[in-house]
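Reviewing the structure listed below.
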Amino acid sequence: MSPSSISVKTSKQYLTKQSFALLLRTAFLCWIFFGTSGLKAADTLSLAGKWAFQADPEEEGLAQNWANKTLTGSIMLPGSTDEIGIGNQYPIYKWSNMPKAAGYPDSIDIGSFTRIHKYIGIAWYQREIEIPASWKGKHITLTLERVLWSSRIFIDGRETGKSVDYLSTPHIHSIGALTPGKHTLTIRIDNREIYSIGKAGHSYCNHMQSIWNGVAGRMELTAREMVAPVFIRVFPSFKDRRINVATTLQNDSHKNIFCPISIVIREKKSGKVVANYQAAIEVRVGSSVHQQEIYLSATPLPWDEFTPNLYTVEVSIYKKNASQKIVTDVGFRDIGSNGTHITVNGKSSFIRFSHEGMHFPLTGYPATDIAYWLRVFKVYKDHGLNGVRFHSCTPPEAAFQAADQLGLYLQVEFFWQDSWMGNPSVFGTGKNKELDAFACREFRNALDAYGNHPSMMLVLYGNELGVDFKLCSKWLGEEKAYDPRHLYAVGAAHEVTPNDDFVEYGDKAYDKKTTASNDWDYQSYYTSEGYTYSAPAIKRGTKPDFVHEMGQQVVHPLWSEIESYKKGPFRLCNLAYFRELASRSGVDKQDTIFQKASGQMNRIFMKSDIEANLRSADAAGYSMLSMVDYPGQGEAYVGWVDACYKQKNFLTSEKYRQYGGHTVPLIRTPKFVWQHGETFHAEVEIANYGPADLVNKELMWRFKDEKGKTVAQGILATTTIPQGSLTAVGEIETLLTCRNDKGEHLNLTLSLKNTDYHNEWDIWVLPEIPVEKGFPANVIITTKIDEALAALKKRQSVLLFANKLGDITNTMYCRFKPVFWSAVWFTDDYCQTLGAVINQQHPSLDRFPTNDVMDWQWLDVFEIQGHGFNLQGLPLNYQPIIQPVNDFHFGNKLGLLFELKTKDNGKLLVCGFNLTDDLEHRPAARQLKHSLLSYVSSARFNPMQEVTETWLSQTFADNYAPIAKPAEFENAFLYVKAGSHHPLVKGNTAWNTDVDAVVKDGGYDYKVVCDGVWKDENGAAWYANDNLHIEIMVASQKRMRLKVKLHDWNQQGCACVVTCEDHSPVTVENQTGGKWVTFPITRENCLDGKLILDIKKKSGTNIMVTDIALTPGE
């Protein structure tokens, strides 16, 4: 029932004025005489402690009447069978798409931690209970706070009530009256799957909380009076200074009873009474609901992320010698939206959430004590986050209590289910009535159990669902009508329905835009007609829309984490195995610097994406995956906090809060790498999603060098920054100078005067270095291993640019973007690196500005695909100058820049970067090449590690076989066969030139911007969902013909519009058999040295391009 429709029904309708007045006086006298101390909540008896126990793996207990038998084992409850060593190590768990790698031990789980004692089946728990004499005639219930999955209870051998099968809320068993004295209570718990909800979600899974058997949290018997309040729902309104209280009353007598009721509202912290309602009511036999609307005389203290003020609502029923009360916490918070942002008490909020999946390393089952959740949630608050997303699960009561106290917004879910997971049925499709009913029960139960908490803000059925969205939208509408205190959506990431109050959508991840700049944002995503939801009728900008699962860049673990699991039910056997792999390559002692190097990439990508979202005025926020590591799904260690909530070594909460908090200074600048004499320019904005306007504030900017010396500074005009807005506050312009031949590394800081709000960026200023015209006489520079070997035999110094040596596998060792989520979970990205460790003191880098890990100045160097190399065969203690961090699943020692010598005293510096192409437009690559040339031509070039000619020949073999041009293109200046060197038999990989087969004349080249390269049994192609962009570099201005072949061999109905330079667009409809499109190229088209070809999808699925050719014209 909506709060606005709650009415008051008191006993005035049934009593005379005289009797009504008498009852009110009686209630008042009870209140004066007893106060709150004369009232009590329902009597409780804790059942925590030692229980008898017996496992029932063969399901014999019911048939053999174990409820009447004395069980012989013992266990402490709350607790689980894991804690007493029940269960086998087998079967081994693994993800369906993760085969066991060669050499991986047979005895440990795959893709996650190993649960030592796996017990999935029935278990019986038993103990003696003693019912007090004071409970005679009272109704008794048993509460088990958390159980997987079903529980049945027996009193003195007889089953009582029905089986309960909730996953997200307490199991409450109604027992009724028991005679005072001793009784035997037996509980049968079955943790086998009851409903097919899948095991990828976190309500019931192997890889996070585990599929445990036992009881977590409160275990207690409760006895209530004959007439008692048993359930309370509160509907506060901050704006209206009002609270609606709906109390479920239970009358176990055989007649209606008149009695006084009082509702007292207090400030929780001070105890101050702010409202006191008293009345006499008739409580009818059975269950009834008393509803009361109460207005406060003054504006209540608000509850939000800044001021988490709580109140208590206490409902008391007075009956002679049998008075009873019920109490709940409440916060005055009005949640809504203004079209683009979620609002809390009328103020725009910016969602800053991170993922939680209910992993409890030391127990394997949910923590139910508030101290635990206060400690965990304080980590979120310390980082400036305002919420937690519980992915496909709902936490226990204590989590809501802690979030209430700290001012955290919680997003709760229940399922993650789709057809690709192999489930026999999917809820929400109407095909499995029992499963649908269970899903609806879970949702409604959670609203009843946790709905009073102001922290319960966003409620969804689940994550990335494959349901019937029309049906689920109908269900959602019913839940919204039942409980309007929250915002709702059917699911995260997939379809959007009319009943959704907000949108959590993907496709805004930074990995789609990797550039060393921050003059971009996602605003067009929210305003452009080109972006639509799966339900086209729902327009962008009409619902708050925030990013789904942002982040997911992998961070190398510390091996010391293995020890942190040794006191619980799990073991990190997987990490122990990966540590052994690392030791075979001599990199096992580098885990600390590997974490720093990989963490640096995680940090800069996350910072850039967060700031891009803040620069998007209509963005509602972001939900990250994740601040905290995810131990399952192929060991997705993507956080800067480990699974035990220990901070990693590359980022502090204070640093993160600079850009991850509610109020953030921002800049828009076209690049981070500048050159001497250029004028730095940046537009300055402030995103203010804090508690109030920032009035008459000055913003200070300052450039400092690496020694902390200020090299430029200024103050922007005083301004007011409204709350809930992105506000432009001015511009920065200053001349940049480089005072050395290496390059300056500067730090730009923006600070809002007299506040803690500040942010910072790294800026590099490079000296003017001309493109190298020649090489030192004593240095041989080559891209061919044969030439290098010949020079080494002559004891010459050789700089080998090896970016085209090796084969396609070498490309996965030279990536700026790190592994996404897990290298063994998503294998199609063809990336195996997590940043790089850099020997910044090495003289080869004397003229290149760098620290010991990578930053944005290195993107220019990586921009044109290079090759990294596996250094297997070299001594274990050998260290390259630049060492890519191999993903920990593989543990190889890699090199991108390293030096060696031969037995003939030839000296070799190997560089896997492409430092030869397009240097006019790549200042950092040009600077690095200059530094390397300076080194190899100096006396300091003196490699110490000797290597054989055989090792060099094998490692740097040229394995790219040239292709023959098709006969019709034998005179082509450029011919490209897309994906000819694709590394997979079938699947997708990222594009780079090494994936293609290319024949080109000097001065001709190409670049492709696409979603990836697809290959299957029918062929290979560049593909894109919406737009595919091809840029062709030409050597001269001449008449030519540019041909491109589109091929929709999977018959997905793709139709495209192809444009080239100033020519009329060409629409290509049926591409099933492949279609060539030809454009005549004029001299004028070539004046800028390049040709631009754009292909835009008109209908169907992916654009597929298999060939391009540039041939002579007429």
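According to UniProt numbering, the residues represented by the sequence shown are 1 to 1114, in order. Glycine included, C-beta positions come from ideal geometry on N, C-alpha and C.
Practice problem: Pull up the distance between the alpha-carbon of Tyr960 and that of Gly806, whole angstroms please. | Solution: Indexing the sequence shown from 1 puts residue 960 at position 960. Indexing the sequence shown from 1 puts residue 806 at position 806. Near 8 Å, if we compare the C-alpha coordinates of Gly806 and Tyr960.
Quiz item: At what residues does the alpha helix (DSSP H) containing Ile370 begin and finish?
Solution: Here residue 370 is taken as the residue at index 370 of the sequence shown, counted from 1. Run containing Ile370: Ile370 to Asp382, per the alpha helix (DSSP H) assignment.
Quiz item: CA-CA distance, Asn942 and Asp917?
Solution: Within the sequence shown, numbered from 1, the residue matching residue 942 stands at position 942. Within the sequence shown, numbered from 1, the residue matching residue 917 stands at position 917. Straight-line Cα distance between these residues: approximately 28 Å.
Exercise. Determine the DSSP secondary structure at Tyr813, reduced to helix, strand or coil.
Key: As a first step, residue 813 must be located in the sequence shown, where it is residue number 813. Helix, per DSSP.
Quiz item: Curious, which full-length beta strand (DSSP E) runs of at least 3 residues does the segment 791-850 contain?
Solution: 797-801 and 833-838
Quiz item: Rounded to a whole number of angstroms, what is the C-alpha to C-alpha distance between Leu1042 and His1063?
Solution: Residue mapping note: residue 1042 aligns to position 1042 of the sequence shown, counting from 1. Residue mapping note: residue 1063 aligns to position 1063 of the sequence shown, counting from 1. Going from the Cα of Leu1042 to the Cα of His1063 covers about 12 Å.
Practice problem: Counting only the same chain and skipping the five closest in sequence on each side, list residues whose C-beta sits under 8 Å from that of Thr542. | Solution: Along the sequence shown, read from residue 1 onward, the residue named residue 542 stands at position 542. So the list reads Gly339, once near-sequence residues are dropped.
Quiz prompt | Opening and closing residue of the beta strand (DSSP E) in which Met601 lies | solution = For the purposes of this step, residue 601 is taken as the residue at position 601 of the sequence shown. Where Met601 is concerned, there is no enclosing beta strand (DSSP E), although the alpha helix (DSSP H) it sits in stretches over Asp591 to Leu614.
Practice problem: Throw me the rounded Cβ distance for the Gly1012 and Asn988 pair, which I believe falls under 8 Å. | Solution: As a working note, residue 1012 is residue 1012 in the sequence shown. As a working note, residue 988 is residue 988 in the sequence shown. The Cβ separation is near 5 Å, so the contact holds.
Quiz item: Among all the DSSP beta bridges, which residues are the ones paired with Tyr409?
Solution: As a position in the sequence shown, residue 409 is number 409, starting the count at 1. According to DSSP, Tyr409 bridges with Gly387.
Quiz prompt | Cutoff 8 Å; reference Asn905; Cβ partners in own chain excluding five residues on either side | solution = For the purposes of this step, residue 905 is taken as residue 905 along the sequence shown, with counting starting at 1. Counting only Cβ-Cβ distances below 8 Å, and skipping sequence neighbours, we find Arg795.
Practice problem: Have a look at Ala620, Gly639 and Arg579 and flag the residue whose alpha-carbon is nearest the alpha-carbon of Val554. | Solution: The sequence position of residue 554 within the sequence shown is 554, counting from 1. The candidate whose alpha carbon is nearest that of Val554 is Gly639.
Practice problem: Over the uninterrupted beta strand (DSSP E) stretch that includes Phe53, give me the two end residues. | Solution: Residue numbering aside, residue 53 sits at position 53 when the sequence shown is read from its first letter. Where Phe53 is concerned, the enclosing beta strand (DSSP E) stretches over Gly49 to Asp56.
Quiz prompt | For Ala492, the first and last residue of its enclosing beta strand (DSSP E) | solution = Position 492 of the sequence shown holds residue 492. From DSSP, the beta strand (DSSP E) with Ala492 extends over Leu487 to Ala492.
Practice problem: Could you check the C-alpha separation between Arg25 and Asp334 for me, to the nearest Å? | Solution: The residue given as residue 25 occupies position 25 in the sequence shown. The residue given as residue 334 occupies position 334 in the sequence shown. With a pLDDT of 46 at Arg25, under the threshold of 50, the modelled position of this residue cannot be trusted; read the value that follows with caution. Their backbone Cα atoms lie some 36 Å apart in a straight line.
Quiz item: Tell me, which residues are paired with Gly1015 by DSSP?
Solution: Taking the sequence shown and counting its residues from 1, one reaches residue 1015 at position 1015. Before going on, a small fix: residue 1015 reads as Lys here, not Gly. Lys1015 is bridged to Gly987 and Ala1020.
Quiz item: Should residue 1124 go down as buried or exposed, given a rule of 16 or more other Cβ atoms within 10 Å for buried?
Solution: Not covered by the structure: residue 1124. The range shown for the chain is 1 to 1114.
Exercise. Please say whether Leu726 and Glu685 have beta carbons closer to each other than 8 Å?
Key: Here residue 685 refers to the residue found at position 685 when the sequence shown is read from its first residue. Here residue 726 refers to the residue found at position 726 when the sequence shown is read from its first residue. Closer than 8 Å, so yes.
Practice problem: Would you check if the distance between the CB atom of Gly714 and the CB atom of Ile732 is smaller than 8 Å? | Solution: In the sequence shown, the residue the question calls residue 714 occupies position 714. In the sequence shown, the residue the question calls residue 732 occupies position 732. Yes. Within cutoff.
Self-check item: Neighbour-count burial assignment, Gly364, 16 or more Cβ in a 10 Å radius
Solution: Here residue 364 refers to the residue found at position 364 when the sequence shown is read from its first residue. Result: buried.
Quiz item: Closest by CA to Thr811, which one among Gln633, Lys1015 and Leu894?
Solution: For the purposes of this step, residue 811 is taken as residue 811 along the sequence shown, with counting starting at 1. Measuring from the Cα of Thr811, the nearest candidate turns out to be Leu894.
Practice problem: Output the residue ranges of the alpha helix (DSSP H) runs that lie fully inside the segment 714-797 and measure 4 residues or longer, sorted by chain position. | Solution: The qualifying runs are 785-793.
Quiz item: Alpha carbon to alpha carbon, what distance is there between Val853 and Glu397?
Solution: Here residue 397 refers to the residue found at position 397 when the sequence shown is read from its first residue. Here residue 853 refers to the residue found at position 853 when the sequence shown is read from its first residue. Looking at the backbone, the Cα of Glu397 and that of Val853 are separated by about 43 Å.
Practice problem: Pick out whichever of Leu458, Ile881 and Asp468 has its Cα sitting closest to the Cα of Glu479. | Solution: If you number the sequence shown from 1, residue 479 lands on position 479. The candidate whose alpha carbon is nearest that of Glu479 is Leu458.
Quiz item: Apart from the five residues just before and just after Phe238, which ones in its own chain have a Cβ nearer than 7 Å to its Cβ?
Solution: Residue 238 sits at position 238 when you count from the first residue of the sequence shown. Only Pro300, Pro302, Phe332, Arg333, Asp334 and Asn345 meet the Cβ criterion.
Quiz item: What is the rounded straight-line gap between the Cα of Cys814 and the Cα of Ala836?
Solution: Counting from one through the sequence shown, the residue named residue 814 turns up at place 814. Counting from one through the sequence shown, the residue named residue 836 turns up at place 836. Straight-line spacing of the CA atoms in Cys814 and Ala836 works out to 9 Å.
Quiz item: Applying the criterion that 16 or more other CB atoms from any shown protein chain within 10 Å of the CB defines a buried residue, is Arg1039 buried or exposed?
Solution: Taking the sequence shown and counting its residues from 1, one reaches residue 1039 at position 1039. It is exposed - the Cβ of Arg1039 has fewer than 16 other Cβ atoms within 10 Å.
Exercise. Go through its chain and collect everything with a Cβ distance to Val274's Cβ below 6 Å, but skip five positions before and after it.
Key: As a first step, residue 274 is located in the sequence shown; it is residue number 274 there, counting from the start. Contacts found: Ile265 and Leu296.
Quiz item: For Val1066, which option in Thr1072, Gly1074, Gly1073 and Ala1055 has the closest C-alpha, if you only look at C-alpha atoms?
Solution: Numbered from 1 along the sequence shown, position 1066 holds the residue referred to as residue 1066. Of Thr1072, Gly1074, Gly1073 and Ala1055, the residue nearest in Cα terms is Ala1055.
Quiz item: Rounded to the nearest angstrom, how far is the Cβ of Ile785 from that of Leu952, given a contact under 8 Å?
Solution: Taking the sequence shown and counting its residues from 1, the one referred to as residue 785 is at position 785. Taking the sequence shown and counting its residues from 1, the one referred to as residue 952 is at position 952. Sure, about 7 Å apart at Cβ, within 8 Å.
Quiz item: By the 10 Å Cβ neighbour count, where 16 or more other Cβ atoms means buried, how is Gly551 classified, buried or exposed?
Solution: Taking the first residue of the sequence shown as position 1, residue 551 is located at position 551. Looking at its Cβ environment, which holds 16 or more other Cβ atoms inside 10 Å, Gly551 is buried.
Practice problem: Buried or exposed for Asn256, please, with buried defined as at least 16 other CB atoms from any protein chain shown within 10 angstroms of its CB. | Solution: Stepping through the sequence shown from its first residue, residue 256 is reached at position 256. It counts as exposed.
Exercise. Compare the Cα-Cα distances from Val1044 to each of Asn244, Gln1052 and Leu1028 and report the closest residue.
Key: The residue labelled residue 1044 in the question sits at position 1044 within the sequence shown. Closest in C-alpha terms to Val1044, from the list Asn244, Gln1052 and Leu1028, comes Leu1028.
Exercise. Just the C-alpha distance for Ser253 and His139, rounded to the nearest angstrom, thanks.
Key: Residue numbering aside, residue 253 sits at position 253 when the sequence shown is read from its first letter. Residue numbering aside, residue 139 sits at position 139 when the sequence shown is read from its first letter. Going from the Cα of Ser253 to the Cα of His139 covers about 11 Å.
Quiz item: Shortest alpha-carbon distance to Gly1113 belongs to which of Gln1037, Asn1070 and Gly1100?
Solution: Residue 1113 sits at position 1113 when you count from the first residue of the sequence shown. For Gly1113, the closest of Gln1037, Asn1070 and Gly1100 by C-alpha to C-alpha distance is Gln1037.
Quiz prompt | Three-state secondary structure assigned by DSSP to Lys1098 | solution = Position 1098 of the sequence shown, counted from the first residue, corresponds to residue 1098. DSSP places Lys1098 in strand when its eight states are reduced to three.
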